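Worksheet for the structure shown next.
Rendered as C-alpha cells:
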C-alpha cells in the first residue's frame with residue numbers, strides 16, 4: 001500500500017494525516033515539510049522497553065536525532081513538562097516527535113507553549129492555563145510537532161491540552177493559542193503492539209467524543225453529527241473485532257480512522273460536551289487512565305441525563321443507530337440485555353463490558369475518601385460546569401431594557417438557547433409597550449413574557465430572586481484608586497455598594513459583567529469631539545489618541561455583550577458569583593485599527609493626525625465646566641486611553657471561553673455600515 005496523505009479534517013489545513021507506509025519512512029519523508037534537521041523524540045516507555053521502536057528511529061533519523069525522553073507519567077505532570085522543555089531548549093531542537101499515547105502528545109503541546117513563552121516554573125505555567133490567572137499576551141508556539149499515536153485517545157488532533165499540577169493533582173486546560181501536531185502518522189502494525197487495556201479503553205474514549213457530540217445540547221451541526229455517527233460506525237465494530245483478534249490489522253486501522261472523525265466532530269464549531277468529559281478530566285489525576293475514565297463515566301452520564309430529560313431525544317437517535325449493527329445486537333443478546341427496553345446507557349454498558357473494561361470507580365481503586373476532592377475539582381471543569389448549570393441554575397430570567405441598544409443584543413443571544421430556561425420575561429414601561437407594540441408581539445410569539453408594572457421591588461425584597469446581573473456593561477468602575485472620583489461612575493458605584501454592603505440575604509448573588517467600551521462606538525469620530533479621537537470612514541479621516549504604537553484598549557462588540565451575558569448565566573460557579581467579571585472581545589490599539597481600515601479599503605489614502613491625552617484632559621475639563629452633555633464621553637475616552645480597560649486578568653475563561661468577534665470583523669462591519677448611509 002502506498003502512502004496516503006490528506007488533511008485530517010475537511011476544511012482545515014492542519015493537521016496532516018499520513019498512513020499506508022511504515023512510520024519511520026513516513027517521518028523521514030516529511031522532515032523536509034517542516035525544514036527540520038534537529039529532532040527531539042518523546043517515546044512511550046513501554047514501546048521503548050518492549051519493541052525496537054527507538055532502534056528504528058535511530059536508524060531512520062541518524063544524526064538528525066539530537067535527543068530523546070523515554071516515557072511520561074499519565075495525565076502530563078507539570079514537573080515533567082518543565083523538565084523536558086529545558087532539555088529541548090538546551091538541545092536547540094527544531095521539531096518534536098512523539099511516539100506513544102495521549103499523555104505524550106499533550107505533553108508536547110504544552111512543552112511547545114512553554115518554550116514560546118520562556119516559562120520555567122509551575123507558577124509561570126499556571127499563567128498559560130485556563131483560569132483566573134491566565135495572562136493576556138501568550139505567544140503562540142512555533143516548534144512543530146509530529147505524532148505517531150499508539151492509542152485512540154485522539155489528543156493529537158486537537159489544539160487543546162491537559163496538564164496536571166503535581167501538588168493539587170488538579171488537571172488544567174491549555175487552550176488558545178496552544179497548537180496540536182502538524183502531522184499525525186498512523187501505523188496499524190505499530191498499533192497492534194499496544195496492550196488491550198490501553199487500545200480498547202482509549203477506543204471507548206473516542207466513542208465518548210462521538211456520543212457527547214451527538215447528544216450535545218449546544219453547538220452541533222448536521223456536519224458534526226454526520227462525522228460523529230460515521231466515527232461511531234467505525235469504532236464500535238472495530239473495537240469489538242480487535243478484542244476478538246489482536247492481529248486484525250484492518251480493524252486497528254478502522255479504529256484509528258474512526259478516532260480521527262470522532263475528534264473532527266467534537267472540535268468542529270462550538271460544541272459543548274458533557275459531564276463524562278468534565279468529570280473524567282479530574283478523575284484522571286487520581287491514577288485512572290484516559291480511556292478508563294470514559295468506560296466508567298459515559299454510561300452513567302447518559303443514564304443521568306435521560307432521567308432528567310436533558311437530551312433524551314438525542315440519546316434515542318444514537319440508540320437507534322447503534323441497534324442497526326448486527327455486532328451490537330449480538331453483544332446485547334449474549335449479555336442477556338433486553339433489546340426492546342435497553343436505552344443508550346444500557347447499550348454502552350454492554351459494549352464496554354464485552355471489551356473487558358472497568359465499569360466502576362472501585363474497579364480502578366478510587367475509594368469514597370477521594371470522592372469529595374473529585375467532586376470539588378470537577379466543578380472547575382468547563383464541561384462539568386455546563387452540565388450542572390444547564391440542569392439547575394438560572395432557570396427564570398427577568399430582563400430589563402430588553403428593547404434598548406444593549407438589551408436587544410442580550411435578548412438575541414438568550415433566545416436561541418430558549419430550551420435552557422424555564423421562563424424568559426422582559427420588564428417594560430407603559431411608554432415602550434405603546435411605541436414598540438410590533439416588536440413586543442414578536443417576542444411574545446417566541447415565548448417571552450412581557451411584564452408591565454409601574455414599580456418592581458429591589459431584588460433583595462423578592463425571595464425568588466437568587467442572582468442579580470446589574471447593568472455594568474462598559475468601563476470597569478473600580479479599575480483603580482482614581483475610579484471612585486470619576487463622575488460617570490457615581491450611580492453604578494452606589495449600586496455596587498448597595499449590593500455588597502446593604503443586602504442582608506446570604507442567598508442573593510450578583511455578577512457584574514464588565515465589558516469595557518463598545519467597539520462599534522469606539523470607532524466613531526464625533527463632531528466637536530476631535531480631542532477624543534476616532535475614525536470617519538466616509539471622509540477617510542482618523543484622529544489617533546496617544547503616541548504611536550501605544551494606547552492599547554480592550555473592546556467588546558455589542559453582539560458579544562449578549563454572548564458574554566448568556567455564558568455567565570450558563571457558567572455559575574463560586575468564581576463567577578459575587579464578582580466583577582472583566583471580559584472582552586479583543587484588545588487592540590489605535591494604530592492597529594487604522595492599519596486594518598487601510599488594509600480592508602485597499603490602501604486608500606487617509607487624513608491621519610494625532611491627539612494627546614493632555615489635549616483630551618483639557619477638553620474634558622472644559623466640557624464639565626460648561627455643562628456639556630459630551631463631557632461623559634471625554635471622561636470615558638480618557639480612562640480608556642490611560643489603560644483603564646487593560647484588566648490584569650480576563651474572565652472569559654471562567655464562563656466557557658465563548659467565541660468572540662475580532663478587529664477584522666468589526667472594521668468590516670463599520671465599513672459596510674457607512675457604505676449604506
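Numbering (the UniProt record's numbering), first residue to last: 1 to 677.
All C-beta atoms in this analysis are idealised placements derived from N, C-alpha and C, irrespective of residue type, glycine included.
Since the model is a prediction, treat every value here as computed from it, not as a measurement.
- With at least 16 other beta carbons inside 10 angstroms of its own, residue 305 counts as buried.
- In the DSSP annotation of this structure, residue 119 is not part of any alpha helix (DSSP H), being labelled neither H nor E.
- Relative to the Cα of residue 410, the nearest Cα in the group 272, 290, 359 and 560 belongs to 560.
- Shown here, residue 40 sits in a strand according to DSSP, grouped into three states.
- When DSSP states are grouped into helix, strand and coil, residue 215 belongs to the coil group.
- Contact between residue 227 and residue 265 holds, since their C-beta atoms are separated by about 4 Å, short of 8 Å.
- The stretch 203 to 210 makes no contact with the stretch 412 to 419; the number of CB pairs closer than 8 Å stays below 3.
- A check of alpha carbon separations from residue 620 across 658, 637 and 582 identifies 637 as the nearest.
- Buried is the label assigned to residue 101, since at least 16 other Cβ atoms lie within 10 Å of its Cβ.
- Where residue 99 is concerned, the enclosing beta strand (DSSP E) starts and stops at 95 to 100.
- The residue among 369, 324 and 585 with its C-alpha nearest the C-alpha of residue 519 is 585.
- In terms of CA proximity to residue 351, 298 leads the group 372, 298 and 316.
- DSSP places residue 161 in no alpha helix (DSSP H) but in the uninterrupted beta strand (DSSP E) bounded by 161 to 164.
- C-alpha of residue 25 to C-alpha of residue 64: approximately 14 Å in a straight line.
- Each residue's CA atom was taken as its position, placing residue 179 and residue 111 some 10 Å apart.
- DSSP, reduced to helix, strand and coil, places residue 75 outside both helices and strands of the structure shown, so it counts as coil.
- The Cβ atoms of residue 663 and residue 596 lie closer than 8 Å to each other.
- Note on residue 260: 16 or more other CB atoms within 10 angstroms of its CB, so buried under the neighbour-count rule.
- DSSP, read as helix, strand or coil, puts residue 468 in strand.
- Inter-segment contact for the stretch 210 to 226 and the stretch 176 to 193 is absent: fewer than three beta-carbon pairs are separated by less than 8 Å.
- Under the three-state reduction of DSSP, residue 124 is assigned to helix.
- Residue 346 counts as buried, since at least 16 other C-beta atoms from the protein chains shown sit within 10 angstroms of its C-beta.
- Here residue 267 has 158 as same chain residues with Cβ atoms under 6 Å from its own Cβ, once five neighbours each way along the sequence are excluded.
- Scanning 281, 108 and 341 for the CA closest to the CA of residue 147 turns up 108.
- Secondary structure note for residue 45: its alpha helix (DSSP H) is the uninterrupted segment 45 to 50.
- The bridge partners DSSP lists for residue 69 are 42.
- When C-beta atoms of the stretch 88 to 96 are compared with those of the stretch 35 to 43, three or more pairs fall below 8 Å, so the two segments count as touching.
- Put simply, the stretch 284 to 294 touches the stretch 157 to 175. At least three CB pairs are less than 8 Å apart.
- If you draw a straight line from the Cα of residue 155 to the Cα of residue 106, it comes to about 7 Å.
- With fewer than 16 neighbouring CB atoms inside 10 Å of its own CB, residue 32 falls in the exposed class.
- Residue 348 sits buried, since 16 or more C-beta atoms from the chains shown fall within 10 Å of its C-beta.
- Residue 184 is bridged by DSSP to 17 and 147.
- For residue 125, the CB contacts under 6 Å within the same chain, skipping 5 residues up- and downstream, are 78 and 119 in chain order.
- At the C-beta level, residue 255 and residue 234 come within 8 Å of one another.
- The shortest CA-to-CA distance from residue 579 to any of 132, 603, 313 and 56 is the one to 132.
- Separation of the CB atoms of residue 535 and residue 525 is rounded to 5 Å, and the pair is thereby assigned contact status at 8 Å.
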